[in-house]
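Here the sequence shown stands for residues 442 to 630, where the numbers follow the numbering used here.
Here is the structure we will look at.
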Amino acid sequence: MTMQTFFRSWGQLSMSYKNLPLAWKVASLLIVLGLVSLGGALYSASETLQTDADYSGLLNGEAKAQVAMARANRRMIDELASIYLTIAATNDTMLKQAEGDRREALQFFQGNIKEAAGFAPAYADGIRAVQTGFESVLQKDCAPAIQLGSTTTDTASTAKALGLLLQTCEPAIRSLSASLRDLTTAIER
Numbered sequence: 442m443t444m445q446t447f448f449r450s451w452g453q454l455s456m457s458y459k460n461l462p463l464a465w466k467v468a469s470l471l472i473v474l475g476l477v478s479l480g481g482a483l484y485s486a487s488e489t490l491q492t493d494a495d496y497s498g499l500l501n502g503e504a505k506a507q508v509a510m511a512r513a514n515r516r517m518i519d520e521l522a523s524i525y526l527t528i529a530a531t532n533d534t535m536l537k538q539a540e541g542d543r544r545e546a547l548q549f550f551q552g553n554i555k556e557a558a559g560f561a562p563a564y565a566d567g568i569r570a571v572q573t574g575f576e577s578v579l580q581k582d583c584a585p586a587i588q589l590g591s592t593t594t595d596t597a598s599t600a601k602a603l604g605l606l607l608q609t610c611e612p613a614i615r616s617l618s619a620s621l622r623d624l625t626t627a628i629e630r
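Set out below in structure tokens:
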């Protein structure tokens, strides 16, 4: 067998698309179309599932973190109002009420901060920094005003306690409140 004969016979044996019967041509095109459609369906399904997961993360994570942070911020201001009530208290009943309000505000603040850090782990360090700062402010900057306001009810001591509150405690709490607000805004973006 010569080389020329070999290639001629090979050409007769090899199948090309133009040599297929019409039914096979239609069937092969339908199979290709079906595979392309299946690939498109799988791709769109995976993209839809990813989009769903992303939106669920936003709604269940960061949005809930923002709500918890707003509540924590409100509790910081409640704590400040309770300190004012402690200083303004003129009897033991008012003083006990103010102390109870302060404890409750701090407890809810801590719970809201913990919740926010859980919902937004990417911002947890910043959230915990606000918590640490707030607890530090209460123990250092606000303690003298609280101590003085809770031990005496005379006008001079009340005025001095109010001065301490306005000078150190309130600006520190307001600053932390602004920091928490800015952090909440950062999560929104």
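Beta carbons: idealized from backbone N, C-alpha and C, even for Gly.
C-beta contact flag for residue i and residue j at 8 angstroms
i	j	result
residue 557	residue 619	no
residue 564	residue 628	yes
residue 602	residue 589	yes
residue 567	residue 490	no
residue 586	residue 528	yes
Presumed contact (8 angstroms Cβ cut-off) between residue i and residue j, rounded CB distance
i	j	result
residue 530	residue 536	4 angstroms
residue 571	residue 614	In fact, because the Cβ distance is near 11 angstroms, the residues do not count as touching under 8 angstroms.
residue 574	residue 617	5 angstroms
residue 509	residue 560	6 angstroms
N-terminal and C-terminal residue of the alpha helix (DSSP H) that residue i is part of
i	result
residue 555	533-560
residue 523	504-529
residue 605	596-605
residue 580	565-581
residue 588	584-592
residue 612	611-629
Three or more C-beta pairs below 8 angstroms linking the segment 539-546 and the segment 592-612: no
So, does the segment 546-553 touch the segment 509-523, judging by three or more C-beta pairs under 8 angstroms? yes
Starting from the N-terminal side, write out each stretch of the alpha helix (DSSP H) that is 4 residues or longer and does not extend beyond the segment 460-496. none
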